[in-house]
Amino acid sequence: AITSPGSAKRPLPSTRRAEKGRSMKPIAEILGKTSLDRGDLIRVLEADEGECGPLLARAAVVKRSGVGGRVYLRGLIEYSNICSKDCLYCGIRSGNAAASRYEMTEEETLAAARLALERRFGSIVIQAGERDDAQFVARMERILRRIRALGGGALHVTLSLGEQSPDTYRRWLDAGAHRYLLRIEASSPDLYRKLHPEDARHSQASRLEALGALREAGYQVGTGVMIGAPFQTAADLADDLLFFRDLDVDMIGMGPYIEHPDTPLYTHALELLPPRKRLELSLRMVALLRVMMPDINIAATTAMQAIDPEGRERAIRAGANVVMPNLTPARYRHDYLLYENKPCLDQEPEESVELLEARIRESGGSIAYGEWGDSGRFLARKS
Ligand code: 5AD
2 AITSPGSAKR PLPSTRRAEK GRSMKPIAEI LGKTSLDRGD LIRVLEADEG
52 ECGPLLARAA VVKRSGVGGR VYLRGLIEYS NICSKDCLYC GIRSGNAAAS
102 RYEMTEEETL AAARLALERR FGSIVIQAGE RDDAQFVARM ERILRRIRAL
152 GGGALHVTLS LGEQSPDTYR RWLDAGAHRY LLRIEASSPD LYRKLHPEDA
202 RHSQASRLEA LGALREAGYQ VGTGVMIGAP FQTAADLADD LLFFRDLDVD
252 MIGMGPYIEH PDTPLYTHAL ELLPPRKRLE LSLRMVALLR VMMPDINIAA
302 TTAMQAIDPE GRERAIRAGA NVVMPNLTPA RYRHDYLLYE NKPCLDQEPE
352 ESVELLEARI RESGGSIAYG EWGDSGRFLA RKS
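Converting from the sequence shown to the numbering used here requires adding 1 to each position, the first position being numbered 1.
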């Protein structure tokens, strides 16, 4: 056996300390295989940091041939923190009375989209807490039509607005959305139940159905997970990677779990890996996924930057090819707090973008301005 019996079952902190000094297959040998299996993935996820050079090298090669060397920008608009869900990890859960709620106006949203156009981002993401009332659905539809009119179709739009009916997904697609990001959060049904309230509004089965409906409707479909969450094991993360591959996703956004004091899961904060390790594990997940799925879009996520100011640039080096500069007006940013220490809360959109551009240039990447950056996997599947 590659690992000791039961090691894959233990929560992450102890798995990372275990297995020192045993004879195990070198990482380079595993990466030489045409297809990585569950055992391979667990072995790499549990490896010492010093062993992982070959993984990063391999991910860089696969990335270059799979998606090229350029980084695509999506301007992130955190449209509203009003949420009907009560996820146990999330700072904007409905049960958090300490969060002060906002919704951007249509004009503010259009202004943010205009900023993305001026900056030649090619693409925006509209993200918000989950709501499925008729008023919200109609308002979003109107906003999407106005955004399409604004740029004459120059902006591609990703939505990240949670579980909706197939009809709503179709309406938003018809109104101008192209891609949809709906994280599965945890592919293990058991772990999913530990991270969410046990009721009909928080069922993993519905989320899987929603992912199917998005594909059916014609979206480029993205999903993702949190990494280093309470109760999560290396085997869970290996299964997440296999889940992404089996679902044949077009895009992935995943990043470290970060505790939030006003959430039920905060009581588990002391059991977590240290933040630096959670980031390292997230980068390793990105690199493994890039090796497994060469032509999908992988985001360098904000939670990575929350742990390390250079987190997103490190993700780009590990295999990510998408960055989402925040275009949310500064006065709302303090209220879109999914987790602690969210970066750039006091910056106006323009400043964040300038910093980011400089950082990407410094880390040897180049930005693909004015391009949609649609998922290569999606385009290949269509043709
Ligand atoms: N830590 C990290 N990511 C979080 N999200 C929500 N709460 C947290 C947290 N505490 C992520 C979820 C969700 C996305 C919008 O933000 O994965 O899908």
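The beta carbon of each residue, even a glycine, is placed where N, CA and C say it ideally should be.
| task | Could you work out which residue in 275, 199, 246 and 136 is closest to residue 228 when comparing CA atoms only? | result | Here residue 228 refers to the residue found at position 227 when the sequence shown is read from its first residue. Closest option to residue 228, judged by alpha-carbon separation, among 275, 199, 246 and 136: 275.
| task | Pick out whichever of 213, 341, 378 and 322 has its Cα sitting closest to the Cα of residue 369. | result | Taking the sequence shown and counting its residues from 1, one reaches residue 369 at position 368. Put simply, of 213, 341, 378 and 322 the residue whose alpha carbon is nearest the alpha carbon of residue 369 is 322.
| Is residue 271 helix, strand or coil when you go by DSSP? | Counting from 1 along the sequence shown, the entry for residue 271 is found at position 270. In the three-state reduction of the DSSP assignment, residue 271 falls in the helix class.
| query | What are the residues that DSSP puts in a beta bridge with residue 124? | reply | Translated into the one-based positions of the sequence shown, residue 124 becomes position 123. Note: residue 124 sits in a beta bridge opposite 157.
| task | Spell out the partners DSSP gives residue 257 in its beta bridges. | result | Residue 257 sits at position 256 when you count from the first residue of the sequence shown. According to DSSP, residue 257 bridges with 228.
| field | Closest residue to residue 373 among 234, 295, 156 and 238 (Cα-Cα distance) | value | The residue given as residue 373 occupies position 372 in the sequence shown. If we check each option's Cα against that of residue 373, 156 comes out closest.
| query | Across which residues does DSSP place residue 252 in a beta bridge pair? | reply | The residue labelled residue 252 in the question sits at position 251 within the sequence shown. In the DSSP assignment, residue 252 is bridged to 223 and 298.
| Where does the unbroken beta strand (DSSP E) through residue 202 begin, and where does it stop? | Indexing the sequence shown from 1 puts residue 202 at position 201. Annotation: residue 202 is outside any beta strand (DSSP E) and is labelled neither H nor E by DSSP.
| query | Taking DSSP as the reference, what is the three-state secondary structure of residue 339? | reply | Here residue 339 corresponds to residue number 338 of the sequence shown, with the count starting at 1. Reduced to three states, the DSSP call for residue 339 is coil.
| field | CA-to-CA distance, residue 36 to residue 333, given in whole angstroms | value | To locate residue 333, count along the sequence shown from 1; it is residue 332. To locate residue 36, count along the sequence shown from 1; it is residue 35. Rounded to whole angstroms, the gap between the alpha carbons of residue 333 and residue 36 is 45 angstroms.
| task | Using 10 angstroms around the beta-carbon of residue 101, count the other beta-carbons present and answer buried if the total reaches 16, otherwise exposed. | result | As a position in the sequence shown, residue 101 is number 100, starting the count at 1. Flag for residue 101 reads exposed.
| request: Would you give the residue range spanned by the beta strand (DSSP E) that residue 76 belongs to? | output: The residue labelled residue 76 in the question sits at position 75 within the sequence shown. Taken as a continuous stretch (DSSP letters only), the beta strand (DSSP E) holding residue 76 covers 76-81.
| said: Considering Cα atoms alone, identify which of 131, 38, 56 and 152 is closest to residue 79. | reply: Residue mapping note: residue 79 aligns to position 78 of the sequence shown, counting from 1. For the options 131, 38, 56 and 152, the alpha carbon positioned closest to that of residue 79 is the one of 131.
| Selected residue, minimal CA-CA separation from residue 174, among 146, 338, 279 and 85 | On the sequence shown, residue 174 is found 173 positions in, with the first residue counted as 1. With distances taken between Cα atoms, residue 174 lies closest to 146.
| query | In or out: residue 383 buried (at least 16 other Cβ within 10 Å) or exposed? | reply | Here residue 383 corresponds to residue number 382 of the sequence shown, with the count starting at 1. By the neighbour-count definition (other C-beta atoms within 10 Å, threshold 16), residue 383 is an exposed residue.
| query | Between residue 142 and residue 149, what straight-line distance do the alpha-carbon atoms span, to the nearest angstrom? | reply | By one-based count along the sequence shown, residue 142 stands at place 141. By one-based count along the sequence shown, residue 149 stands at place 148. Residue 142 and residue 149 have their C-alpha atoms some 11 angstroms from each other.
| field | residue 323 - partner residues in DSSP beta bridges | value | The residue labelled residue 323 in the question sits at position 322 within the sequence shown. The partner list for residue 323 (beta bridge, DSSP) reads 73 and 300.
| message | To the nearest angstrom, how far is the alpha carbon of residue 375 from that of residue 103? | response | The residue given as residue 375 occupies position 374 in the sequence shown. The residue given as residue 103 occupies position 102 in the sequence shown. Cα-Cα distance, rounded: 31 angstroms.
| query | Does ligand 1 have a heavy atom nearer than 7 angstroms to the CB of residue 57? | reply | As a first step, residue 57 must be located in the sequence shown, where it is residue number 56. No, the beta carbon of residue 57 sits no closer than 7 angstroms to any heavy atom of ligand 1.
| query | Beta-carbon separation of residue 256 and residue 302 under 8 angstroms? | reply | The residue labelled residue 256 in the question sits at position 255 within the sequence shown. The residue labelled residue 302 in the question sits at position 301 within the sequence shown. Contact: yes.
| Where does residue 117 fall in DSSP's three states? | Here residue 117 corresponds to residue number 116 of the sequence shown, with the count starting at 1. Note: residue 117 maps to helix in three-state DSSP.
| With respect to 7 angstroms, is the separation between the Cβ of residue 277 and the closest non-hydrogen atom of ligand 1 below this value? | Taking the first residue of the sequence shown as 1, we reach residue 277 at position 276. Residue 277 Cβ: outside cutoff for every heavy atom of ligand 1.
| Using a threshold of 7 angstroms, is the CB atom of residue 274 nearer than that to any non-hydrogen atom of ligand 1? | As a working mapping, residue 274 is identified with position 273 in the sequence shown. For ligand 1, no non-hydrogen atom lies closer than 7 angstroms to the CB of residue 274.
| query | Along the chain, where does the alpha helix (DSSP H) that runs through residue 57 open and close? | reply | Residue numbering aside, residue 57 sits at position 56 when the sequence shown is read from its first letter. It spans 54-68 - the alpha helix (DSSP H) in which residue 57 sits, taken as one unbroken run.
| message | Using CA atoms only, rank isn't needed, just tell me which of 60, 42 and 30 is closest to residue 296. | response | Position 295 of the sequence shown holds residue 296. Nearest of 60, 42 and 30 to residue 296, Cα basis: 60.
| task | Can you tell me which of the three DSSP states residue 349 falls into? | result | On the sequence shown, position 348 is the one that residue 349 refers to. Coil, per DSSP.
| request: For my contact list, residue 239 and residue 28 are in at a C-beta cut-off of 8 angstroms; report their separation, rounded to the angstrom. | output: Taking the first residue of the sequence shown as position 1, residue 239 is located at position 238. Taking the first residue of the sequence shown as position 1, residue 28 is located at position 27. Not really, about 15 angstroms apart at Cβ, beyond 8 angstroms.
| Among 311, 264, 291 and 261, the one whose alpha carbon lies nearest that of residue 280 | Along the sequence shown, read from residue 1 onward, the residue named residue 280 stands at position 279. It is 311.
| said: What does the Cβ neighbour count give for residue 344, buried or exposed, with the cut at 16 atoms within 10 Å? | reply: Mapped onto the sequence shown, residue 344 falls at position 343. By the 10 Å Cβ count, residue 344 comes out buried.
| request: Using 10 angstroms around the beta-carbon of residue 380, count the other beta-carbons present and answer buried if the total reaches 16, otherwise exposed. | output: Taking the first residue of the sequence shown as position 1, residue 380 is located at position 379. With fewer than 16 other CB atoms across the displayed protein chains lying within 10 angstroms of its CB, residue 380 is exposed.
| task | Return the residue from the list 212, 199 and 34 that minimises the CA-CA distance to residue 171. | result | For the purposes of this step, residue 171 is identified with residue 170 of the sequence shown, where counting begins at 1. Considering only alpha carbons, the answer is 212.
| request: Out of 106, 282 and 152, point me to the one whose CA is closest to residue 316's CA. | output: In the sequence shown, residue 316 corresponds to position 315, counting from 1. For residue 316, the closest C-alpha among the options 106, 282 and 152 is that of 282.
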